[in-house]
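Below is one structure, written out as structure tokens, with a few remarks after it.
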Amino acid sequence: MKVDPKGVLTGSYFLDGDHACCEGALAAGCRFAAGYPITPSTEVVERFAERIPLVGGIFIQMEDELASSIAILGASWAGLKSMTVTSGPGFSLMMEHIGLGAMLETPCVFVNVQRGGPSTGLPTLPGQADMMQARWGSHGDYELISLCPNSPQECFDFMIDAFNLSERYRVPVMFMMDECVGHMTEKVVIPPADQIEVVPRRYTTLPPEEYLPFKPDPDLVPPMVKVGDGYRFHVTGLTHDERGYPVMSAECQETLVHRLIDKIRRNARDIWIYEEDQVDGAEVVVISYGITHRVALRAVQMAREKGLKVGMMRLIVVWPFPEERIRQLADKVKAFVMPEMNYGQVVLELERCVAGKAKVLLAPHGGGTVHKPEQIYERIMEAAK
Amino acid sequence: MNKERLKPEHPMEALLRMDRMPHIWCPTCGIGTAVSCFITALEKIDYPLDKVVVVSGIGCTGRVAGYVKLDSFHTTHGRPIPFATGLKLGNPELKVVVFSGDGDIVAIGGNHFIHAARRNIDITVICVNNFNYAMTGGQVAPTTPLTALATTSPYGCFETPFSIPYLADSCGAVYVARWTALHIRRLTKSMVEALNKPGFSVVEVICPCSTLYARRNKLGTGLDLMKFYHESSVIKHGADTRELDIEFQKPMVVGKFVDRERPTFLESWNAQMKKALGEKFQPYGGSNEHD
């Protein structure tokens, strides 16, 4: 399905990541955003507020992040593609409705332009320490999808993937930027509308009397309906059966929660997006995501200049974690190095999948600025020993 | 309850999820009465019921969404109003009703309530006020009258309660009424008026909590309390909302207090954008435009 051309600002621009993220959302067909101001993410909604009356849609600045994060769920059930945008402290407040979005299987996108934490932390400086929060932050057990862009161009491109994945699997998608990517300005090319593929919402083809709101298709994703179309359906955050009715039993919990998890895990091969460079024959593979990848590029170059066989893998989809590929690599390489702007989050998943078959070295960084290439280079050299 | 006895056509069967009966509410709780009035009101308004949606939060009244045979959402505690805001802005054709309790609407959801009233979001809020948190066992609420007992105010409530009509009025609601659960005809009429009113309308329904509030405060059965509220209340349409405080077991003022005109959020959006952008403004048609 081709996108509604009204939202597509075809051309070449000099944009920062926040503005490019907004254009990506509009190009993907997002017509509803709710937000609350927070540095360093505010530019996304500022641009949305300016652009949306020109393309036919709504922006509302809500009273807080709790309200923003549930308003987008309401708009999604009304039939609109929707998003909210925030940074760490606001992301913490949104956890309630990331959980509700997972439980109600509501397509929507949460953008987090990560800054240093915990708490108020470093409002104007970068961090990558919300990665585990994106995965586990809301209570209860669930799976969802997280993407990490590393440039303004990718903020545009992967926002379209973020919306497509949320529609395809009926899950909230976390778009995990960081302050560097959000505020760096680079060339962004926006293609013509007819070259942008968007995934339409999967609406049921059944009449109301046959439709069960949470009866999944074989791929475990249930077709949706829109409010106002005469289905008279009920949706609840309580554990529910295929009718959408609450059922307080261990059996219903098992059926529902297991499916919510499996609909991502079993479809993970179609969700994973990663890039690799010279991993064949590599002794050491550096795995990174977001802005940290661009620093790691220099470190890898330095190590290669010393004659080391160093491969690179970049995670664009971080959750679900590409465990299958990591297991394959773990059989072939001597060591992995993972730089991240935290003291060890995604590296825990790496260690789990490597399962002792190779060394795993973390290059940690507290945030506030990016790594120095030398910090990563030193870990590569240590790994190669 | 014998399900068979319900079978011979309950008069409200068409708008209730009979496959979910029996409901969870205690005997002589007022919520059922409020729901009956709401169903009657829905039958009286000239609006396609497929376009009516009910949103509830959490609590005893939060269960209403699960029993009405309409598109309905049982959301998170305190957040039905911002969910409803998203629904209404997503598809302005919908008639969106928030049906929830006092704890949900004015405690945890208080911030959302005042801002939706300020913005004049075109939704109707039906707030069942039973003066305590009933679902969790009878804790003190921001509506509990002074000196009343609750599990978390075992020596008597000493915090000044909110007056819901005063709060709604002062934040800009265009329609505000209060009735007790036994004012069947008047409550239904207010619900009809609220549903027909463009903008943020609020109907407070004073309900007995038979199992917790009534029992702990030794006020007899739920029915005794329902009768007391009804019989002791004083109808005063257009009363100054500053004078609507509820004192423990004293006569309370009921009636329609506010009925005024203000542009809704979407009317204001359209007017301002037209003024600022002229021809370039793409009027917003709602989700159906994007099918």
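These protein sequence lines are chains U and R, in that order.
Position 312 of the first sequence, counted from 1, bears residue number 312 in my numbering, the numbering being contiguous throughout.
Positions in the second sequence are counted from 1; adding 385 to them yields my numbering.
Cβ coordinates follow ideal geometry from the N, Cα and C atoms, glycine included.
CB contact check: residue i to chain R, cutoff 8 angstroms
i               : result
G11 of chain U  : no
D219 of chain U : no
M62 of chain U  : yes
V227 of chain U : yes
L212 of chain U : no
T205 of chain U : no
A25 of chain U  : no
I58 of chain U  : yes
G137 of chain U : no
P246 of chain U : yes
F163 of chain U : no
Assigned secondary structure, residue i (DSSP; H/G/I helix, E/B strand, else coil)
i               : result
E305 of chain U : helix
E23 of chain U  : helix
Y614 of chain R : helix
L391 of chain R : Caution applies to L391 of chain R, whose pLDDT of 48 falls short of 50 and renders its modelled position unreliable; the model cannot decide the point.
Y560 of chain R : strand
D517 of chain R : A small fix is needed here, since residue 517 of chain R is Asn in this sequence, not Asp. Of the three classes helix, strand and coil, the one that applies to N517 of chain R here is coil, per DSSP.
H234 of chain U : strand
D178 of chain U : strand
G475 of chain R : helix
R115 of chain U : strand
S575 of chain R : helix
S249 of chain U : coil
K659 of chain R : helix
W410 of chain R : coil
L608 of chain R : helix
D676 of chain R : Model confidence at D676 of chain R stands at a pLDDT of 44, short of 50, so the residue's coordinates are unreliable; what they give is reported in the following sentence. Coil, per DSSP.
M83 of chain U  : strand
Q375 of chain U : helix
C422 of chain R : helix
G486 of chain R : strand
Cβ neighbours of residue i in the same chain (closer than 7 angstroms, five flanking residues each side left out)
i               : result
L350 of chain U : I287, I326, F336, M338 and V360
T208 of chain U : Here residue 208 of chain U turns out to be Pro, not Thr, going by the sequence shown. Excluding sequence neighbours, P208 of chain U sits near G230, Y231 and R232.
R600 of chain R : none
C180 of chain U : P126, I291 and V370
Cβ shell of residue i (< 6 angstroms), same chain only, five flanking positions each side left out
i               : result
A78 of chain U  : V227
T573 of chain R : C422, T425 and A426
V199 of chain U : N164, E167 and R168
L567 of chain R : M611 and H615
G368 of chain U : G116, L122 and L125
E105 of chain U : R170
H497 of chain R : I466 and P467
Residue-level contact to chain U via CB, residue i, 8 angstroms cutoff
i               : result
H622 of chain R : no
H497 of chain R : yes
G670 of chain R : yes
M658 of chain R : yes
Q667 of chain R : yes
V619 of chain R : no
H568 of chain R : no
E664 of chain R : no
V438 of chain R : yes
H500 of chain R : yes
Any non-hydrogen atom of the ligand GDP within 7 angstroms of residue i CB
i               : result
G663 of chain R : The ligand GDP is not among the ligands present in this structure, which contains no ligands whatsoever.
Cβ shell of residue i (< 8 angstroms), same chain only, five flanking positions each side left out
i               : result
D507 of chain R : K473, P477, V481, P583, G584, F585, T649, F650 and L651
D331 of chain U : K357
T606 of chain R : T413, S595 and A599
Would you check if there are 3 or more beta carbon pairs closer than 8 angstroms linking the segment 64–74 of chain U to the segment 139–149 of chain U? The segment 64–74 of chain U, when compared against the segment 139–149 of chain U, does not touch it at the 8 angstroms Cβ threshold.
Closer than 7 angstroms, Cβ to any Cβ of chain U: which residues of the segment 459–493 of chain R, in chain order? Those would be H459, T460, T461, R464, P467, F468, A469, T470, G471, L472, L474, G475, N476, E478 and L479, in chain order.
Between the segment 516–531 of chain R and the segment 486–495 of chain R, are three or more C-beta pairs nearer than 8 angstroms? Look at the beta carbons and you see the segment 516–531 of chain R touching the segment 486–495 of chain R: at least three pairs across the two are nearer than 8 angstroms.
contact_flag[the segment 637–654 of chain R, the segment 562–572 of chain R] where n(CB pairs < 8 angstroms) is 3 or more: The answer is yes - the segment 562–572 of chain R touches the segment 637–654 of chain R, with three or more Cβ pairs under 8 angstroms.
If contact is defined by three or more beta carbon pairs under 8 angstroms, each pair taking one atom from either stretch, is the segment 275–293 of chain U in contact with the segment 244–262 of chain U? The segment 244–262 of chain U vs the segment 275–293 of chain U: no contact.
Determine contact between the segment 35–42 of chain U and the segment 85–105 of chain U, defined as no fewer than three beta-carbon pairs at a distance below 8 angstroms. Yes: the two stretches touch, three or more of their Cβ pairs being nearer than 8 angstroms.
Output, in sequence order along the chain, the residues in the segment 445–460 of chain R whose CB is closer than 8 angstroms to any CB in chain U. Taking 8 angstroms as the Cβ-Cβ cut-off against chain U, the residues of the segment 445–460 of chain R that qualify are A450, G451, K454, L455, D456, S457, F458, H459 and T460.
When you check each C-beta in the segment 394–412 of chain R against every C-beta of chain U, which residues fall closer than 9 angstroms? Interface annotation for the segment 394–412 of chain R against chain U: R402, D404 and R405, criterion Cβ-Cβ distance under 9 angstroms.
Closer than 8 angstroms is the cut-off here; do at least three beta carbon pairs connect the segment 184–193 of chain U with the segment 3–13 of chain U? For the pair of segments examined, the segment 184–193 of chain U was found to touch the segment 3–13 of chain U: the number of CB pairs separated by less than 8 angstroms reaches three.
Scan the segment 74–97 of chain U for residues whose Cβ lies nearer than 9 angstroms to a Cβ of chain R and list them as they occur along the chain. Residues of the segment 74–97 of chain U that bring their beta carbon within less than 9 angstroms of a beta carbon in chain R comprise G74, A75, S76, W77, A78, G79, L80, K81, S82, E96 and H97, in sequence order.
Is it true that the segment 47–67 of chain U meets the segment 661–671 of chain R, where meeting means three or more beta-carbon pairs spaced less than 8 angstroms apart? Contact between the segment 47–67 of chain U and the segment 661–671 of chain R is present, because at least three Cβ pairs lie under 8 angstroms.
Kindly confirm or deny that the segment 460–472 of chain R and the segment 608–615 of chain R touch, where touching means at least three C-beta pairs closer than 8 angstroms. Under the three-pair Cβ rule at 8 angstroms, the segment 460–472 of chain R does not count as touching the segment 608–615 of chain R.
Using 8 angstroms as the threshold, is the segment 436–456 of chain R in touch with the segment 396–407 of chain R, meaning 3 or more CB pairs across them? Flag = yes, the segment 436–456 of chain R and the segment 396–407 of chain R touch.
Residues of the segment 29–52 of chain U in Cβ contact with chain R at a cutoff of 8 angstroms, in chain order, please. Hits within the stretch, in order: G29, R31, F32 and A34.
Members of the segment 415–442 of chain R near chain U, C-beta cut-off 7 angstroms: Within the segment 415–442 of chain R, the residues whose Cβ lies closer than 7 angstroms to some Cβ of chain U are D435, K436 and V438, listed in chain order.
Listed in chain order, which residues of the segment 277–307 of chain U have Cβ atoms closer than 9 angstroms to some Cβ of chain R? The segment 277–307 of chain U vs chain R, Cβ under 9 angstroms: nothing.
Between the segment 298–314 of chain U and the segment 96–103 of chain U, are three or more C-beta pairs nearer than 8 angstroms? Between the segment 298–314 of chain U and the segment 96–103 of chain U there are fewer than three inter-stretch CB-CB distances shorter than 8 angstroms, so the stretches are not counted as touching.
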